[in-house]
Structure formats: C-alpha cells, structure tokens
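Engineer: Each number in this note's numbering comes from the position in the sequence shown (counting from 1) with 87 added on.
Glycine residues also receive a C-beta, built at the ideal position from the N, C-alpha and C atoms.
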Amino acid sequence: MTALTWPVASGWRRGMSPTLMLGLALCAILAVLVAAPLLTVALATVSEGRGLSVWQQVFAGRIAQNFLWSPLANTMVIGVLVALGTIAVGGFLAWLVVLTDVPFRRTIGVLATLPYMIPSFAAAFAWGVIFRNERVGGQVGVLAELGIAVPDWLAWGMTPTLLVLIAHYYSLAFLLIAAALASVNADLIEAGTMTGARPSRILIGITLPVVIPAILSAGSLAFAGAVSNFAAPAILGLPVGMHTLSTRLYGAISTGQVERGYVLAIVLIAVAALVLWASNRVMAGRRSFATISGKGGRKRRFTLGPWRWPLLAFAALILALTTLMPLLALLVSSLTLRTGDIFSGYTLHFWIGGSDPAYAQGQAGILRNPETLSAIGMTLAFAASVAVVSMVLGLAIAYGITRLKRHAIGSLLNQLAFLPALVPGIAFGAAYIALFGAPIGPFPALYSTFALLVIAGAAYTLPFTVQSGRAAMEQVAGELEDSARMTGAGFPRRLLAIFLPLTARSLMAGGVLTFVKILRDLSLVVLLFTPATPVLSVLAYRYASEGFLQFGNAITALITVVALASTLLAQRLQGKAEPWLDEDRGETR
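1) Using only the alpha-carbon positions, how far apart do Arg222 and Ala319 sit?
2) What does the alpha-carbon distance come out to for the pair Ser535 and Leu117?
3) Considering just the uninterrupted stretch of the alpha helix (DSSP H) at Trp142, what are its terminal residues?
4) For Phe469, which three-state DSSP category applies?
5) What three-state label does DSSP hand Tyr433 in the structure shown?
6) Would you give the residue range spanned by the alpha helix (DSSP H) that Pro105 belongs to?
7) Short of 6 angstroms in beta carbon distance, which residues of its chain neighbour Gly225, apart from the five on each side in sequence? Order them along the chain.
8) Consult DSSP for Phe317 and reduce its assignment to one of helix, strand or coil.
9) Restricting to Cα atoms, I'd like to know which of Gly348, Phe191, Ile264, Thr620 is closest to Leu303.
10) Taking the Cβ atom as the reference point for each residue, do Leu323 and Ala236 lie within a distance shorter than 7 angstroms?
11) With a threshold of 16 other CB atoms inside 10 Å of the CB of Ala451, please say whether the residue is buried or exposed.
12) My output table needs one value for Ile496: the three-state DSSP class, helix, strand or coil.
13) Since Ala407 is in the alpha helix (DSSP H), which residue starts that stretch and which ends it?
14) Under the three-state reduction of DSSP, which class applies to Ile488: helix, strand or coil?
15) Between the stretch 202 to 217 and the stretch 251 to 261, are three or more C-beta pairs nearer than 8 angstroms?
16) Could you tell me how far apart the beta carbons of Tyr256 and Ala309 are, in whole angstroms, since I believe they sit closer than 8 angstroms?
17) Take Ala129 as the anchor and find which of Leu201, Gly312, Arg347 has the nearest alpha-carbon.
18) Where are the alpha helix (DSSP H) runs, 4 residues long or more, that stay fully inside the stretch 520 to 557, in chain order?
19) Could you tell me which residues DSSP pairs with Thr620 in its beta bridges?
20) Using CA atoms only, rank isn't needed, just tell me which of Ala650, Gly512, Met465 is closest to Ala619.
21) Can you name the start and end residues of the alpha helix (DSSP H) that Ser258 belongs to?
22) Could you tell me whether the stretch 153 to 166 touches the stretch 522 to 540, using the rule of 3 or more Cβ pairs below 8 angstroms?
23) Report the option in Ser472, Val473, Ser442 whose CA atom is closest to the CA atom of Glu458.
24) Could you tell me which of Gly177, Leu109, Ala483, Leu107 sits nearest to Pro202, measuring between CA atoms?
25) Is Phe437 near Ala641, with beta carbons less than 7 angstroms apart?
26) State the beta-bridge partners of Thr187 as determined by DSSP.
27) Would you call Tyr630 buried or exposed, if buried means 16 or more other Cβ atoms sit within 10 Å of its Cβ?
28) Going by the DSSP bridge assignment, what does Thr574 pair with across the sheet?
29) What would DSSP say about Arg659, mapped onto helix, strand or coil?
30) In angstroms with no decimal places, state the Cα-to-Cα distance between Leu107 and Ala115.
31) Residues bridged to Thr423 by DSSP?
32) Thinking C-alpha only, which one of Asp608, Pro300, Leu233 is nearest Gly516?
33) How should Ala377 be labelled, buried or exposed, when 16 other C-beta atoms within 10 angstroms of its C-beta is the threshold for buried?
34) When the Cα of Gly639 is compared with those of Ala650, Val649, Leu623, Leu651, which residue comes out closest?
35) Considering only their Cβ atoms, is the gap separating Val121 from Leu506 smaller than 7 angstroms?
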C-alpha cells in the first residue's frame, strides 16, 4: 500500500461504522440493479452520434401519431377511467363492509381482497371465453356459440379492457378505503346526526373528507397499474388494432426498433411517476382531519333496513363476476373441444392428453407437453428464487434504512429501493435488456439466462420486500441488538440469532406474496422471455395468440389456482385481522 492510499484506508477503518459500510455497499448494489438499467435506457436513445433524432421521430416524425400520440391517448383514457372505476367499486364495498349492517360482512371483506391476486391476463382470457365474437376469426365465446350476437365494442377494444382492469385493481381501493373508514370515530357521525343531517349528507360531508387520502392513494396506484398493464390491452385490444404505450413498447422492441421502444419506456415511466408524485403532493399539502384520538373510538353502522338484501345481492354479483367467474370460465373452457362450446361434451386432452393430430395440431396436454412442463419448473424456480433473493436483500436494505434513518446514506437507500415502484413492469424489463443484453467488460451478456430473470424480478419487487422488511424490523426492540453487539456478535450472527427467529413468520408471509407477484406477472417478463427461459404467463399468452385457446386457458387456470392458494397461505401466516373484520365476531358471516 502506498503512502498516499494508506491514510485513506486507515481513515476508512477508523471513521466508518460497520452499519455505514453496509449502507454504502447496499447503495452500490442498488445503483447496479435499479439506477444503472434506467440510465442505460436514457443513454441508448441518444447513442451512436444521432443526438435527439430518435426522440424527434417518435414525437414529431411521420410515425408519431400512430406510434406515440394515439397509444398515449388510449393509455391516459384507460388510466383515468380505471382509477375512477376502482374507487367506485372498491369504495362501495368498503362502505358496505365497514359502515353498514349488511349480512355476511366478513365474507364480503375476504372475497373483495382476492381479485388483485388473480392475474389480469386470466380475467382477460375469461372475458374472451364468454364474449369473444367472430371479428378476428378463430374460436368464439359462449354467447356467440349460443347464437347471441356480441357487438364488437363489447368483445374487443376499450370497453372490455376497462372492465377487466377495474375488476383486477378494485381490491387495492377496497383495502385502502376500508382501512381509512375503520378509523372514523362514531362520534363524528353522531354529531352530524344530532344536527339533523341525512345519511347521504353525513356520507358526503363527514365520512368522505376524512378518507380522501386513501381515495387519492387508491386512484393513483390504480392509474399507475392500469397505464403499465400489458396483458389486458394486448389480449383484448391488439386483435382490433387498439394500442397502448405498453403494447407499442413491446411491439417496437420485438421488431427491432429498440431505441424507439426505449423512448416509449421513458414516456411510460414519466406518466406513471408523475401521477404518483402529484398524488403525494396533494396529500402532503391538504389539511389533515384527525380521526383517531386518545379516547376510545366506537363504530356506528348505517342501518340499511329493506336495502340490506338488495345491496348484499349486488355485492355478491360483483364478487362472483370478478373472483369466481374468471376461474370457472377458464377451467370449463380448458375442458371443451371449442372454447365457447360448453354444452357438447368435455375432454381432458388439453390437460393430460397425449399427442394426437386430431387435437390442436398434435399438441399434447399441458401436463404431458415437454414445453409446458419445462415452463412449470422454470416458473416455480424463478418465482421461488426471486422471493428468496428479494426478501434477503430487502431485509438487509430495511436494516440499513432503519439504522441510518438520520444519515444521508439511509435516505439514499430509501429512495433507490422505492424507485422500481415508479417504473412500469414492461419498461423495467426493457431497461434490463438495455443494460444486460450485451457484454459489459469481462462479464458476458445475461440475456436469455435464468440469472437475468431472477435479478430483474428481485429488483422489481424490492419496494414491496423492503417495506415488509421494515415492518419486521420494527417488531424487534433495539436493545436486543445492542446487547448482542456488546457481547461481540457481528451482523451476520445478530441477523441469524435475533432478527430471523423473531420475524420469521412475517418474512415468510412476505416471501409468499412476492412469489405470487412474480408467478402472475406478465408485463415484467414478456420482453425477457426466450425459448431458453420459458415462463408460464408468457407461454399462456403465446398459446392464446396462436389460436390454441384451450391450452392458454388451462395454463392460466393453473397459475390462478396456485396464486390464490399461495395468497391464502400468506394471509394465514401473517395472522393479522383486518380492522373492519375485528368486531362483531358473532355476526352472520
């Protein structure tokens, strides 16, 4: 070591705590996993000495209208209407469960949380099973098989895309709004009642203002999810030429227009991030309403009277159409010779049948087809690996954030870890292709490798796992770690002996939910999919796109069953009751 570097190294050892060194190391890791891919996308659009020519082509060239502006308009319409729809449906169910005496409140509350766990492409395929008409050729849905004329606007395009996405995202609004409504003290409602206010006036003038933050959060999250969703517009919109930014991005990169695709990725990131930022600004600047005080709170429910059963029936219809019907439609259609012909006999060929030229050009059933069996193994290994890597990294980052919360490194860690939440899945996949699609110095290209899938998946799920890790860290008193440190226990020893045993249940639940998120995701992996790394969600989309609808529906039904079972397991592991379900244990369920 030279005389110049020795004091620096010595000062490093003397002036930096192990926690700070860990924080710096984690910042470096996040810079590679999160910041570098996004920076590479931006640089790729101005590379090779062309300056801003790619941007000019996309924004003002001859292709601009069809390539950017029309898809952008469709994207914004979908985002806004889906946000409003999810708030309306989720808010209605939350009001019904939390503030009314409707029967079977607990059952409604549980079922209303499940649609988000069903893949959006499952709901889109299920829509096609019922409403698909002859517009694009191939097999038709149940209604068309029965001789009912299904209009094009109901079978394809904007309307079914909106309905499918609202059905997928309203669970987010339900969870956020129900939690906010559960915090409203009955004294506020009784004060309005004593002044002679009507129930509708109380709802609009008292209850609604105090849950505005939850409504804004739900709307912004639904908007960000809808504008980045690839599955629903690709399945229901592309066959009739309706494009969104996500489908245009996929098409551009798939056809070799990589730089143009990266421009669309940046636009998509900007749209989603801008809405989330605006929502946070609005909530930060509004006057707060205190709904929880030091005095004991009571809940008061609106008496529905003769409306109890009609409103219960309406809620049951919503839940049946968004939770039970998609799975039932997929299962039934995977057992029929033609997708919509549910009255002419059934077959197990598409599940367990051998190769037969009379069926689907000789394709074997998904549980006997080497391609789908390989995809099942790859998908399970991919989701499990992402869950493990993401939870371990998320726990370490959460430790660094909580222990360095007053240090600039802790703030930087927090911002870098949250950044993937602002990036739509398909844009994140494009960023990883931009960075790891070619060799970097002595490191080979990772494209078409299992490692790239795991790295991208772990980075994409970090916002969720970091939050889970922070919640787990807060369960452990700092005195326990201080005592262990005083005995000479290093960080690995403290992690294994203190944190993991005390937080194992919460971490396992978080890992299962991460597994589910990756298992049902299509947007992230649709650009990373290759024959060497088959993934079930993309394989289902490919089968359906090529006309093998029963195979696509069977694979999607399999994914949906595994996702729902894993979600219920995670909820069981968490063992926490929702605040709107804590009361009235003896009520009708």
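Structural biologist: A quick look at the data gives this:
1) Spanning the two alpha carbons is a distance of roughly 18 angstroms.
2) Taking the straight line from one Cα to the other gives about 22 angstroms.
3) From DSSP, the alpha helix (DSSP H) with Trp142 extends over 140 to 147.
4) Residue state, collapsed to three classes: helix.
5) If DSSP states are grouped into helix, strand and coil, Tyr433 belongs with the strands.
6) Following the DSSP letters along the chain, one finds Pro105 inside the alpha helix (DSSP H) bounded by residues 105 to 117.
7) Within the same chain, Gly225 has close Cβ partners Gly634.
8) Under the three-state reduction of DSSP output, Phe317 falls in the coil class, being neither helix nor strand.
9) Closest by alpha carbon: Ile264.
10) In this structure, Ala236 does not lie closer than 7 angstroms to Leu323 by Cβ.
11) With 16 or more other Cβ atoms from the protein chains shown falling within 10 Å of its own Cβ, Ala451 counts as buried.
12) Helix, per DSSP.
13) No residue range can be given for Ala407, since it is assigned to no alpha helix (DSSP H) and is classified by DSSP as neither H nor E.
14) Three-state result, Ile488: helix.
15) Output reads yes: the stretch 251 to 261 touches the stretch 202 to 217.
16) So it is a contact: roughly 4 angstroms between Cβ atoms.
17) Distance check between Ala129 and each of Leu201, Gly312, Arg347 places Arg347 closest, using alpha-carbon atoms only.
18) DSSP runs (the alpha helix (DSSP H)) wholly in the stretch 520 to 557: 537 to 547.
19) Answer is Thr617, bridged to Thr620.
20) Of Ala650, Gly512, Met465, the smallest CA-CA separation from Ala619 is found for Met465.
21) Going by DSSP, Ser258 is part of the alpha helix (DSSP H) stretching over 245 to 269.
22) Not touching, per the Cβ criterion.
23) Of Ser472, Val473, Ser442, the residue nearest in Cα terms is Ser442.
24) The shortest C-alpha separation from Pro202 is found at Gly177.
25) Less than 7 angstroms separates the beta-carbon of Phe437 from that of Ala641.
26) DSSP, once it has assigned bridges, lists Phe389 as partnering Thr187.
27) Tyr630 sits buried, since 16 or more C-beta atoms from the chains shown fall within 10 Å of its C-beta.
28) According to the DSSP secondary-structure assignment, Thr574 is paired through a beta bridge with no residue.
29) Note: Arg659 maps to helix in three-state DSSP.
30) Taking the Cα positions, Leu107 is about 12 angstroms away from Ala115.
31) Answer is Tyr433, bridged to Thr423.
32) Nearest of Asp608, Pro300, Leu233 to Gly516, Cα basis: Asp608.
33) With a pLDDT of 46 at Ala377, under the threshold of 50, the modelled position of that residue is not reliable, and the figure given next carries that caveat. Result: exposed.
34) Looking at the Cα atoms, Leu623 is the closest of the given residues.
35) Note that the C-beta distance between Leu506 and Val121 is below 7 angstroms.
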